Amino acid sequence: MTTIMPEGDEIRKAVKWICDERGEDHGRIKELIDKASVEFDLSPVETDFLYRFFSDNQAPKCGVMGE
């Protein structure tokens with residue numbers, strides 16, 4: 005299943021921030037998504053995208069953002 009990233013710089017910044025903050029601690033992902041949602045003023049659709057993007061079914065994909 006492919007997840008299409010919503011348009012906008014804030015969602016990209018949020019993904020990068022979550023990846024940087026998470027490190028190897030995958031158990032913190034829900035907490036980090038909630039913080040990123042507030043920090044980057046994300047919409048409910050963008051926040052839902054983050055939950056899907058970092059879900060176990062899709063494996064964390066830090067580094068795929070073209071960094």
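Anchor point for the sequence shown: position 46 equals 50 in my numbering, and the numbering is continuous, going up by one each time. Positions of the beta carbon are idealized from the N, C-alpha and C atoms, including for glycine. Quick caveat, the model's predicted, so the values are computed rather than measured.
For this session: Rounded to whole angstroms, what's the CA-CA distance from Glu50 to Cys23? Just pull it up for me.
Result: Along the sequence shown, one-based indexing puts residue 50 at 46. Along the sequence shown, one-based indexing puts residue 23 at 19. For the pair Glu50 and Cys23, the Cα-to-Cα distance works out to about 16 Å.
Exercise. Where Gly4 and Leu54 are concerned, what is the direct C-alpha to C-alpha distance, given to the nearest angstrom?
Worked result: In the structure displayed, the chain extends from 5 to 71; residue 4 sits before or after that span and is not available.
Exercise. Which word fits Val19, buried or exposed, when buried means at least 16 other C-beta atoms lie within 10 angstroms of its C-beta?
Worked result: On the sequence shown, position 15 is the one that residue 19 refers to. In this structure Val19 is buried. Its beta-carbon is surrounded by 16 or more other beta-carbon atoms within 10 angstroms.
For this session: State yes or no: is the C-beta of Phe44 within less than 8 Å of the C-beta of Glu14?
Result: Within the sequence shown, residue 44 is the residue found at index 40, counting from 1. Within the sequence shown, residue 14 is the residue found at index 10, counting from 1. Against a cut-off of 8 Å, the Cβ pair of Glu14 and Phe44 comes out as a contact.
Exercise. Between which two residues does the alpha helix (DSSP H) harbouring Cys23 extend?
Worked result: Counting from one through the sequence shown, the residue named residue 23 turns up at place 19. Where Cys23 is concerned, the enclosing alpha helix (DSSP H) stretches over Asp13 to Arg26.
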